[in-house]
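In UniProt numbering, the protein residues as written are 1 to 88.
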């Protein structure tokens with residue numbers, strides 16, 4: 001296993017890390033390893049939220065999530081207004 005050294009570590013971050021380690025019953029070293037593991041397994045920032053959402057729901061059938069049917073009403077001037085059944 002590799003060894004890493006962190007230089008110029010802020011005192012505030014060090015204190016926060018110590019508090020988290022105590023809260024989880026771990027050593028500061030173990031908490032640092034866990035924080036590093038969690039940070040390194042997060043989704044890549046080059047993939048946006050919309051892309052992640054689309055991938056997550058890619059297998060969901062559109063018909064199963066469709067809302068109630070809407071009807072079109074033609075108003076004067078040729079403007080089409082979509083009206084949901086519950087608003088009529």
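A virtual CB, placed ideally from N, CA and C, is assigned to each residue, including glycine.
Item	Value
Threshold first: 3 residues or longer. Then list the beta strand (DSSP E) segments lying entirely within the UniProt region "Disordered" (1 to 69), N to C.	none
When you compare only the Cα positions, how much space is there between residue 3 and residue 31?	15 Å
Give a yes or no on whether the C-beta atoms belonging to residue 18 and residue 28 are separated by under 8 Å.	yes
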